[in-house]
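These notes are about the structure you will find just below.
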Amino acid sequence: MRLLHTTSLSLNEYHGDKVPKYAILSHCWNESGEATFNAFQSGKGIELSGYSKIEGACSKAAKDGWEFVWIDSCCINKDSSSELLAAINSMFRWHREAEICYVYMADILITANNNHKRDSQLRKSKWFTRGWNLQELLAPKKDDLHDLLSSITGVQDLNKFEDACVAVKMSWASKRKTTRIEDEAYCLMGLF
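Going by our numbering, the sequence shown opens with residue 112, and the numbers climb by one from there.
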């Protein structure tokens, strides 16, 4: 597992029981400007629009006391088919084992002045329609947003989603989209 150091923004690899505690970021990819592993390694990631999302996640995690964060866009080398396959098979577990999951929704803005509109703004986010975000919703520990997330997604008990039958889980997935057709199946790993 490759983790991003929250203050140095360096990538570090850990295996087995050597993986330190970490935060994780759930987000929708910006296909044209995501700071991928290769862009990040070459130093060109800083020029891409997705880099600010990485900086923001690292800043928030560091402020909350986390030394490491996992962000799929820069922590997975998608050019390595073996690494990508291993990551696809591990992603649900990585979200489940994270100490905290931050969600970045680029398409909504909640400020101190419009916090009263939080619920209606959240309901409009693209994040709730994307395939991969379903497992990112279900795997992490939930707390204060449980009722709101249940009402938006239709998942009645987010903390006991495993008890839902296959048909119900498939209905959750049917309302979501993926960029690649094969991701419709991959993003369900960990749900069954």
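In this text, a Cβ means the ideal position worked out from N, Cα and C, and glycines have one as well.
*Going by alpha carbons, who is nearest to Ile135 out of Arg113, Gln152, Asp128, Gly154?*
Arg113
*Can you tell me which of the three DSSP states Cys139 falls into?*
coil
*For Leu269 versus Leu233, is the C-beta distance shorter than 8 Å?*
no
*Could you check what DSSP says for Tyr213 in three-state terms: helix, strand or coil?*
strand
*Per DSSP, Glu124 is paired with what?*
Paired residue(s): Arg113.
_Is the separation between the beta-carbon of Lys189 and that of Phe148 shorter than 8 Å?_
yes
*Contact between the stretch 292 to 300 and the stretch 237 to 246 (3+ Cβ pairs under 8 Å)*: yes
*Same chain, Cβ closer than 8 Å to Ser170, five either side skipped, listed in chain order*: Thr117
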